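*Asks:* In the working numbering, the protein residues as written are 52 to 292.
There's a structure below that I have some questions on.
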């Protein structure tokens, strides 16, 4: 992992260094204006973009290595989904993706950290959107399982799908199907960690050219005390010097 982190950070840093040297040369030659003004602006934009990329990588790595404290409360999962839909609707409209919601009418409150659960669903929905750059269909379903002890959430798309060799490792840190600079491959690893901390499971099925389905199952009852214990433990760790 250390080698992968070094590689991921080295790439944007190399770009920053290259363009910083180029800007210095233009400054020394008095050529940052005139014909080089547009090039200078592009260089500065690239330096800013690659700096943000380094920052995002470090932030996501910290999130993965040391999960934040959990705050489990009885949560209306459909309210979390409603907030998520409001957040991603502009991008759905821009890409021509049709959202299909099938939300169970009898879903009871779920004991979970609402913010972390929204983070998980946002990661899955964002990946689905990226898999359909020319439009498609996105399904988001919830249901109470027959034994009434678990809630199931499915995020499904009819996008490009995931290659089999990557599918087997999709929840590993830094595993990504996106082009360089478009993602660092920590979203699904973090999502997997969050679901596990909620004593749930997350699985994936995919077929190239036909789409991908992520399925989350979360325990409905009997985990409040356990989650509260995890939250207290995390709070104590967070207070250490």
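No residue lacks a Cβ here, since even glycine has one placed at the ideal position from N, Cα and C.
On a predicted model such as this, the values are computed, not experimentally measured, just so you know.
#1: If you reduce the DSSP assignment to three classes, tell me which class residue 147 lands in.
#2: Along the alpha helix (DSSP H) that carries residue 187, what are the first and last residues, could you check?
#3: Taking all protein chains shown into account, decide if residue 200 is buried (16 or more other Cβ within 10 angstroms of its Cβ) or exposed.
#4: Return helix, strand or coil for residue 153, following the three-state DSSP convention.
#5: Roughly how many angstroms separate the alpha carbons of residue 80 and residue 106, rounded to a whole number?
#6: Using only CA atoms, which one of 108, 271 and 207 lies nearest to residue 173?
#7: How should residue 164 be labelled, buried or exposed, when 16 other C-beta atoms within 10 angstroms of its C-beta is the threshold for buried?
#8: Anyone know if the C-beta pair for residue 194 and residue 162 falls short of 7 Å?
#9: Along the beta strand (DSSP E) that carries residue 205, what are the first and last residues, could you check?
#10: Whole angstroms is fine: what's the gap from residue 267's alpha carbon to residue 126's?
#11: Between residue 150 and residue 189, is the Cβ-Cβ spacing less than 7 Å?
#12: Taking the continuous alpha helix (DSSP H) assigned at residue 248, which residues delimit it?
#13: Under three-state DSSP, which class holds residue 211?
#14: Helix, strand or coil: how does DSSP classify residue 80 here?
#15: Less than 7 Å between the C-beta atoms of residue 262 and residue 210, yes or no?
#16: Nearest CA to the CA of residue 182: which residue from 260, 72 and 270?
#17: Please list the terminal residues of the continuous alpha helix (DSSP H) segment that includes residue 258.
#18: For residue 234, count the other beta carbons within 10 Å of its own beta carbon; 16 or more makes it buried, fewer makes it exposed. Which is it?
#19: Would you kindly work out how many angstroms separate the C-alpha atoms of residue 120 and residue 257, rounded to a whole number?
#20: Work out the CA separation of residue 66 and residue 232 for me, nearest whole Å.
#21: I need the DSSP call for residue 268, collapsed to helix, strand or coil.
*Replies:* Taking the definition as stated:
#1: In the structure shown, residue 147 sits in coil (DSSP, three-state: anything other than H, G, I, E or B).
#2: That residue, residue 187, is in no alpha helix (DSSP H); its beta strand (DSSP E) goes 187-195.
#3: Around the beta-carbon of residue 200, fewer than 16 other beta-carbon atoms lie within 10 Å, marking it exposed.
#4: Of the three classes helix, strand and coil, the one that applies to residue 153 here is strand, per DSSP.
#5: Going by the C-alpha atoms only, they are around 32 Å apart.
#6: Looking at 108, 271 and 207, the one whose alpha-carbon comes closest to that of residue 173 is 207.
#7: Buried, since its Cβ has 16 or more Cβ neighbours within 10 Å.
#8: Their beta carbons are not under 7 Å apart, which means residue 194 does not touch residue 162 by this criterion.
#9: Per DSSP, residue 205 is one residue of the beta strand (DSSP E) stretching across 201-208.
#10: One alpha carbon belongs to residue 267, the other to residue 126, and they sit about 16 Å apart.
#11: Between residue 150 and residue 189, the CB-CB gap stays under 7 Å.
#12: Bounds of the alpha helix (DSSP H) holding residue 248 are 238-248.
#13: If DSSP states are grouped into helix, strand and coil, residue 211 belongs with coil.
#14: Looking at residue 80 - three-state DSSP - the assignment turns out to be coil, as it is neither helix nor strand.
#15: In contact: residue 262 and residue 210 (Cβ atoms closer than 7 Å).
#16: Residue 182 has its Cα closest to that of 260, out of 260, 72 and 270.
#17: Counting along the chain, residue 258 falls outside any alpha helix (DSSP H), though it belongs to the beta strand (DSSP E) covering 252-258.
#18: Summary for residue 234: the model assigns pLDDT 49, below 50, so the residue's position carries little reliability; its value from the coordinates is reported in the next sentence. Buried, since its Cβ has 16 or more Cβ neighbours within 10 Å.
#19: Their Cα atoms are separated by approximately 32 Å.
#20: Residue placement at residue 232 cannot be trusted, given a pLDDT of 45 that sits under 50; the coordinates are not used to answer.
#21: The three-state reading of DSSP puts residue 268 in strand, counting E and B together.
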